[in-house]
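Q: Take the sequence shown: its position 928, counted from the start at 1, is 928 in full-length UniProt numbering, and no numbers get skipped.
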Amino acid sequence: MSSQIVISTSSEEEYKQLVEFYHSLSSFEAIKSVSINSKELTKQYWFTTFDLFQNEIIEIPINDKSAETFFIIQLTTSSGAATYKPTKNTTTKLFSLNEDLVSQKEFKDPLNNVYTINAAISNPEPNPDFASSSSTASLLNLAGANSNIASNGQVKQKIAVMTSGGDSPGMNAAVRAVVRTGIYYGCDMYAVYEGYKGLLEGGDLLKPISWKDVRGFLSEGGTLIGTARCMEFKERWGRKQAAKNLIERGINALVVCGGDGSLTGADLFRHEWPSLVKELVEQDQSFTPEQVEPYKNLTIVGLVGSIDNDMSGTDSTIGAYSALERIVEMVDYIDATAKSHSRAFVVEVMGRHCGWLALMAGIATGADYIFIPERPPKKDQWQAELKEVCQRHREKGRRNNTVIVAEGAIDDELNPITSEDVKKVLVEIGLDTRVTILGHVQRGGTAVAHDRWLATLQGVDAVKAVLENTPSTPSPLIGINENKIIRMPLVESVKLTKSVAENIENKHFDKAIALRDSEFIDSYDNFIATTVQDDGSQLAPEGERLNIAIVHVGAPTAALNASTRSAVLYCLTRGHKPYGISNGFSGLINDGEVKEMKWLDVENWHNLGGSEIGTNRVLPSEDLGSVAYQFQKNKFDGCIIIGGFEGFTALKELYDARKQYPIFNIPILLIPSTISNNVPGTEYSLGTDTCLNTLVNYTDSIKQSASATRRRVFVVEVQGGHSGYIASFSGLVSGAVSVYTPEKKIDLTDIQEDIALLKENFKHDNGETKSGKIVIRNEVASDVYTTQLVANIIEESSKGKFGVRTAIPGHVQQGGVPSSKDRIFASRFAVKCIKFIEEFNKKNTKAVKNVSAISSEDAHSLKFHYDKISGEKVFNVDTEDNSCCVICITGSHLTFKPIQEVWENETDLVLRKGENIHWEEMNKIGDIISGRLMLRRELEANTKK
1 MSSQIVISTS SEEEYKQLVE FYHSLSSFEA IKSVSINSKE LTKQYWFTTF DLFQNEIIEI
61 PINDKSAETF FIIQLTTSSG AATYKPTKNT TTKLFSLNED LVSQKEFKDP LNNVYTINAA
121 ISNPEPNPDF ASSSSTASLL NLAGANSNIA SNGQVKQKIA VMTSGGDSPG MNAAVRAVVR
181 TGIYYGCDMY AVYEGYKGLL EGGDLLKPIS WKDVRGFLSE GGTLIGTARC MEFKERWGRK
241 QAAKNLIERG INALVVCGGD GSLTGADLFR HEWPSLVKEL VEQDQSFTPE QVEPYKNLTI
301 VGLVGSIDND MSGTDSTIGA YSALERIVEM VDYIDATAKS HSRAFVVEVM GRHCGWLALM
361 AGIATGADYI FIPERPPKKD QWQAELKEVC QRHREKGRRN NTVIVAEGAI DDELNPITSE
421 DVKKVLVEIG LDTRVTILGH VQRGGTAVAH DRWLATLQGV DAVKAVLENT PSTPSPLIGI
481 NENKIIRMPL VESVKLTKSV AENIENKHFD KAIALRDSEF IDSYDNFIAT TVQDDGSQLA
541 PEGERLNIAI VHVGAPTAAL NASTRSAVLY CLTRGHKPYG ISNGFSGLIN DGEVKEMKWL
601 DVENWHNLGG SEIGTNRVLP SEDLGSVAYQ FQKNKFDGCI IIGGFEGFTA LKELYDARKQ
661 YPIFNIPILL IPSTISNNVP GTEYSLGTDT CLNTLVNYTD SIKQSASATR RRVFVVEVQG
721 GHSGYIASFS GLVSGAVSVY TPEKKIDLTD IQEDIALLKE NFKHDNGETK SGKIVIRNEV
781 ASDVYTTQLV ANIIEESSKG KFGVRTAIPG HVQQGGVPSS KDRIFASRFA VKCIKFIEEF
841 NKKNTKAVKN VSAISSEDAH SLKFHYDKIS GEKVFNVDTE DNSCCVICIT GSHLTFKPIQ
901 EVWENETDLV LRKGENIHWE EMNKIGDIIS GRLMLRRELE ANTKK
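1) In three-state terms, what does DSSP make of residue 579?
2) Give me the DSSP bridge partner(s) of residue 208.
3) What does a CB cutoff of less than 7 Å around residue 657 pick up in its chain, not counting 5 residues either side in sequence?
4) Does any C-beta atom of chain C lie closer than 9 Å to the C-beta of residue 726?
5) Ignoring anything shorter than 4 residues or poking outside the region 209–287, list the alpha helix (DSSP H) runs there in chain order.
6) Using 9 Å as the threshold, is the C-beta distance between residue 425 and residue 391 below it?
7) Expressed to the nearest angstrom, what Euclidean distance is found between the alpha-carbon atoms of residue 265 and residue 320?
8) Can you grab the Cα-Cα spacing for the pair residue 603 / residue 653, in whole Å?
9) Report the three-state DSSP secondary structure of residue 569 (helix, strand or coil).
10) From residue 608 to residue 678, what does the alpha carbon distance come to, in whole angstroms?
11) My assumption, with CB atoms under 8 Å, is that residue 919 sits in contact with residue 724. Please give the rounded CB distance.
12) By a C-beta neighbour count over all protein chains shown, 10 Å radius and 16 as the cutoff for buried, is residue 854 buried or exposed?
13) Name the DSSP bridge partner or partners of residue 552?
14) Using alpha carbons as the reference points, say which of 736, 396, 439, 754 lies closest to residue 217.
15) Opposite residue 914 in the DSSP bridges: which residues?
16) Would you mind reading off the limits of the beta strand (DSSP E) that contains residue 479?
17) Please state whether DSSP places residue 928 in a helix, a strand or coil.
18) So what does DSSP say about residue 354, is it helix, strand or coil?
19) In the DSSP assignment, find the alpha helix (DSSP H) that holds residue 330 and state where it starts and stops.
20) Where does the unbroken alpha helix (DSSP H) through residue 490 begin, and where does it stop?
21) Answer with buried or exposed for residue 110, where buried requires no fewer than 16 other C-beta atoms within 10 angstroms of its C-beta.
22) Please list, in chain order, all residues of the same chain as residue 573 whose beta carbon is under 7 Å from its beta carbon, the five residues on each side excluded.
23) What number of angstroms, rounded off, separates the C-alpha of residue 944 from the C-alpha of residue 760?
24) Helix, strand or coil for residue 185? Go by DSSP, reduced to three states.
25) Mapping DSSP to helix, strand and coil, what is residue 893?
26) Closest to residue 812 by C-alpha separation, out of 885, 719, 458, would be which residue?
27) Can you say whether residue 348 is buried or exposed, counting buried as having 16 or more other CB atoms within 10 angstroms of its CB?
28) Classify residue 633 as helix, strand or coil using the three-state DSSP reduction.
29) Pop quiz: residue 774 and residue 728 are said to be a contact at Cβ under 8 Å. What is the actual Cβ separation, rounded to whole angstroms?
30) Just verifying my parser: in three-state terms, what is the DSSP assignment at residue 587?
31) If distances are taken between C-alpha atoms only, which option among 671, 789, 703, 510 comes closest to residue 898?
32) Going by other Cβ atoms of all chains shown within 10 Å of its Cβ, with 16 needed for buried, is residue 193 buried or exposed?
33) Out of 476, 182, 922, 499, point me to the one whose CA is closest to residue 488's CA.
34) Look at the alpha carbon of residue 221 and the alpha carbon of residue 454, and state the distance between them as a whole number of angstroms.
35) What is the DSSP secondary structure of residue 779, reduced to helix, strand or coil?
36) State the Cα-Cα distance for the pair residue 713 and residue 809, rounded to the nearest angstrom.
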């Protein structure tokens, strides 16, 4: 149990002497400093003994009250008893010191506090070289007096990070990543508190921020460094004052996390910077030309923090998926009560000029209708269409209706469409209707896994962009395209974003939506096709209507049902017949369990985890003849397999069996769906996001438990088989100290390194924070070092300084309600697969003109026909090998890759995963952010000495 000694003085000089004195004693280490100059002269410096069995925190404050109490403190080695006795208080408290004090001697501190050392000491007096030592420099850095000179003699790069505009979940993760990456690369880091207001006012709103200051940021919502409106920064005099504050601190780089308005202001600041500096020298005479010489240019790097996801050029912004998750969660709850009472609900979500939240929420919640600003309905027609859609869905058997309205919804004459307007229309057709305006609940809460890793990766890249910047380089904006972090010109991205609103105001709606990314446009078309257009208006010609099978293979994941639902609904819109194969290939082989699926069968599958049609690991090779028989019997024209590596293997087996069983010469596609993300060829699988969100909640909870006891480590075992994807990403999004993956087998050296890092972390935590520690271990990371053994080794090596526990979430990682991201990607993949099958079943009419066996009824644009006598499938044109494919996301591309190509070039059959370890970079970034690489670098430097 920790206790505290307080030594107080009103003298600034005595305060500095005390700090130096206690730091010079080998038994004490500085752990915290506080400086609040803007309100009152108050300073504190906290020290702790190195030994962790009994902790004594010494706090040295300076304030306006004179120190009257002096202490007689008796110090001993850690193996003996130790006491201190205040002169005016007889209470005795214990604390320990390390073995450096080995002799008995009495001396005083600068305030004449008397010390009696009950052991021999080699050097009890303060170190005379203390002021020039490297430890002093570190101490002064903690106090905020950073040096401008790096260890290599070069001018240090000083970077400030700020959040501005509306807050969004994930901003704290971005700040944490920027600060720690900057420190790792040898930069001095500053935080700008309260947005642009902090730049303008300076003082304690613009100060150094250390490694430990951002500890615990990852799991916090909002922005812990604050954000505020600052009208003064819009004025030139305000920007000049901000420039002065930055130059005074030696800062010439700024990382801004905010929306388009904040980023526009930042780029204007950069553009004006040379003239502002010139005015500060020539007009204000605040600096000499020599003083501003290193600060002639300002580097600006932008991170987009916006729940609206309204920035052009990037697929998602920091906070967007967290806000969407809140919306989807709330609508799921609303659906439950709406079904009970057979009601309609109108849900209003944020999005003044961007309908991304409303659109994606509509897809993820199975809404009947949406209103977004990019696609405004006709002024006098939307009411009738809304009524028709909701009534049609009621007639199909639906008990509730959901309509999502973006706050910026308008009609094609720019008239606002409010939630109340929509409610009135629904009431007119007799629906008991309620309105729910979600409001700021969309901004609140901790960030989901996607926003945590996105903010972290972008924060790391932002620091790299600063260090790589030249005066001629345009200000970069860090974004993401599919799965790849990218840099874009900030000015151009902001310009395109603003042009969306301008085009809407000018009624150029086609131009407005064209400025959104292709995923937005595809998602909108898919939503309309499966809801508004399920009235028979989009039916394919009768001769082109297909029978499409859907089968689940492998372990269950959260997005199997969502993907199946979208595939079925799109099939029905086009007039195809979707068939669900029950219980995987074993159901097909043993019982021929095939069911034609109807609209009402899948209507509410969007938020159901597991597999409603059943899944297992049985492969077609168990009885290929029976599988072929069922394909022939049901006249399948295409098949969609949804699953993991077993599904991948099943696809290859069906492809290889084509010569023996020609019925398999149909388009057969795999939608990767596995929490392990081990399907070769792709970097994303359905279910991984839900799994990561589950682990985020799980690790946040056990970190809280660990924090409550102050010194506890949890070794968490995660699934993934021989794929370290889940371990790497969960380590990154949970703030784990270390991650053990199967790609890099655990050895004792790794564990020893992590023990040293844990000790270092706990040492710095004393008296300051309650921060639990997490170590992530993949289930097959080692055959020898099991989860329990790793925990035992760490606990034994800690010598009682901290406790260690194990935590195994197990199959909870496979279940649960699918995340909003998994639902969206499930819908996107499913519709693309149906379209792929449609395209492959079309043929050139010339290919069948000479086939006499085809009747006029069969002379359609299919690649094949069924013989009227035998019922066998007859191919009209040669089949192509690339009709058996995996739908893949690789880097910034979404493609269909032929199974033969992926199998031969990208597959590790022994370890059941792809040969490309695309998550390897996550491990390095995790080691940077956790401090592992810094500790390793420090130990290597000490070894060389």
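Think of the CB as a built atom: it goes at the ideal place given N, C-alpha and C, for glycine as much as any other residue. Remember, it's a predicted structure, so these values are computed and weren't measured experimentally.
A: If we stick to the structure as given:
1) Position 579 of the sequence shown, counted from the first residue, corresponds to residue 579. If DSSP states are grouped into helix, strand and coil, residue 579 belongs with the strands.
2) Within the sequence shown, residue 208 is the residue found at index 208, counting from 1. Residue 208 is bridged to 190.
3) Locating residue 657 in the sequence shown gives position 657, counting from the first residue. If we look at residue 657 and ignore the five residues flanking it on each side, its Cβ neighbours are 624, 664.
4) Absence of chain C from the displayed structure is noted, only one protein chain being present.
5) 236–248, 260–282
6) Against the sequence shown, residue 425 aligns to sequence position 425. Against the sequence shown, residue 391 aligns to sequence position 391. Judged by their CB atoms, residue 425 and residue 391 are not nearer to each other than the 9 Å cut-off.
7) Your numbering for residue 265 matches position 265 in the sequence shown. Your numbering for residue 320 matches position 320 in the sequence shown. Roughly 22 Å separates the two Cα atoms.
8) Translated into positions along the sequence shown, residue 603 becomes position 603. Translated into positions along the sequence shown, residue 653 becomes position 653. Cα to Cα, residue 603 sits roughly 32 Å from residue 653.
9) Within the sequence shown, residue 569 is the residue found at index 569, counting from 1. In the structure shown, residue 569 sits in a helix (DSSP, three-state: H, G or I).
10) Here residue 608 is taken as the residue at index 608 of the sequence shown, counted from 1. Here residue 678 is taken as the residue at index 678 of the sequence shown, counted from 1. Distance between the alpha carbons of residue 608 and residue 678 is about 23 Å.
11) Position 919 of the sequence shown, counting from 1, holds the residue named residue 919. Position 724 of the sequence shown, counting from 1, holds the residue named residue 724. Contact between residue 919 and residue 724 holds, since their C-beta atoms are separated by about 7 Å, short of 8 Å.
12) Locating residue 854 in the sequence shown gives position 854, counting from the first residue. Here the model assigns residue 854 a pLDDT of 48, short of 50, so the residue's position is not dependable, and the following value carries that caveat. With 16 or more Cβ atoms within 10 Å of its Cβ, residue 854 is classed as buried.
13) Numbered from its first residue, the sequence shown carries residue 552 at position 552. Paired residues: 642.
14) Translated into positions along the sequence shown, residue 217 becomes position 217. Residue 217 has its Cα closest to that of 736, out of 736, 396, 439, 754.
15) Here the question's residue 914 lines up with position 914 in the sequence shown. Paired residues: 907.
16) What you label residue 479 is simply residue 479 of the sequence shown in a count that begins at 1. Unbroken beta strand (DSSP E) run through residue 479: 476–481.
17) On the sequence shown, position 928 is the one that residue 928 refers to. Reduced to three states, the DSSP call for residue 928 is helix.
18) Residue mapping note: residue 354 aligns to position 354 of the sequence shown, counting from 1. If DSSP states are grouped into helix, strand and coil, residue 354 belongs with coil.
19) As a working note, residue 330 is residue 330 in the sequence shown. Segment 320–341, the alpha helix (DSSP H) holding residue 330.
20) Along the sequence shown, read from residue 1 onward, the residue named residue 490 stands at position 490. 490–505 is the span of the alpha helix (DSSP H), which, as asked, contains residue 490.
21) Translated into positions along the sequence shown, residue 110 becomes position 110. By the neighbour-count rule (16 or more Cβ atoms within 10 Å), residue 110 is buried.
22) For this step, residue 573 is matched to residue 573 along the sequence shown. Hits under 7 Å: 529, 530, 533, 534, 538.
23) Translated into the one-based positions of the sequence shown, residue 944 becomes position 944. Translated into the one-based positions of the sequence shown, residue 760 becomes position 760. Going from the Cα of residue 944 to the Cα of residue 760 covers about 21 Å.
24) Walking along the sequence shown from the start, residue 185 turns up at place 185. Residue 185: coil per DSSP, three-state reduction.
25) What you label residue 893 is simply residue 893 of the sequence shown in a count that begins at 1. Of the three classes helix, strand and coil, the one that applies to residue 893 here is strand, per DSSP.
26) The sequence position of residue 812 within the sequence shown is 812, counting from 1. When each option's Cα is compared against that of residue 812, the closest is 719.
27) Position 348 of the sequence shown, counted from the first residue, corresponds to residue 348. Looking at its Cβ environment, which holds 16 or more other Cβ atoms inside 10 Å, residue 348 is buried.
28) The sequence position of residue 633 within the sequence shown is 633, counting from 1. Helix.
29) Locating residue 774 in the sequence shown gives position 774, counting from the first residue. Locating residue 728 in the sequence shown gives position 728, counting from the first residue. 14 Å between Cβ atoms; not a contact.
30) Locating residue 587 in the sequence shown gives position 587, counting from the first residue. Of the three classes helix, strand and coil, the one that applies to residue 587 here is helix, per DSSP.
31) Against the sequence shown, residue 898 aligns to sequence position 898. When the alpha-carbon of residue 898 is set against those of 671, 789, 703, 510, the nearest one is in 671.
32) The residue labelled residue 193 in the question sits at position 193 within the sequence shown. Residue 193 is buried by the Cβ-count criterion.
33) Translated into the one-based positions of the sequence shown, residue 488 becomes position 488. Of the candidates 476, 182, 922, 499, the one whose C-alpha sits nearest the C-alpha of residue 488 is 476.
34) Stepping through the sequence shown from its first residue, residue 221 is reached at position 221. Stepping through the sequence shown from its first residue, residue 454 is reached at position 454. Distance between the alpha carbons of residue 221 and residue 454: 15 Å.
35) Against the sequence shown, residue 779 aligns to sequence position 779. Correct three-state label for residue 779: coil.
36) Your numbering for residue 713 matches position 713 in the sequence shown. Your numbering for residue 809 matches position 809 in the sequence shown. Taking the straight line from one Cα to the other gives about 16 Å.
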